[in-house]
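To start, the structure itself, in structure tokens.
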Amino acid sequence: MKNPTIIAELHKKLGAPSSEAVESLRLLKAFLKLAPSQRFEVIEMVERLSTDPSPESDRHLS
19 MKNPTIIAEL HKKLGAPSSE AVESLRLLKA FLKLAPSQRF EVIEMVERLS TDPSPESDRH
79 LS
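Taking the numbering used here, the leading residue of the sequence shown gets 19, the next gets one more, and so forth.
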């Protein structure tokens, strides 16, 4: 979307996106660039971290 008119119209109708929405789109874009096997690994890791009650899962990924 490089057309400034369309972008301005969307901004007027929808307002500015939240920082969370922008970050989500960045993460989605990066995820889609991964190979299918890497996507699978990321999904498995996130599912494991979201269901694993061990203290190790409380660590921040950085």
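Glycine residues also receive a C-beta, built at the ideal position from the N, C-alpha and C atoms.
As the structure is a computational prediction, the values presented were derived from the model and not from experiment.
Q. What are the boundary residues of the alpha helix (DSSP H) that includes P22?
A. P22 to L32
Q) What's the C-alpha gap between S36 and F49? A) 20 Å
Q) In this structure, does DSSP put P35 in helix, strand or coil? A) coil
**Q.** Rounded Cβ spacing between V60 and L67 (contact assumed at less than 8 Å)
**A.** So it is not a contact: roughly 11 Å between Cβ atoms.
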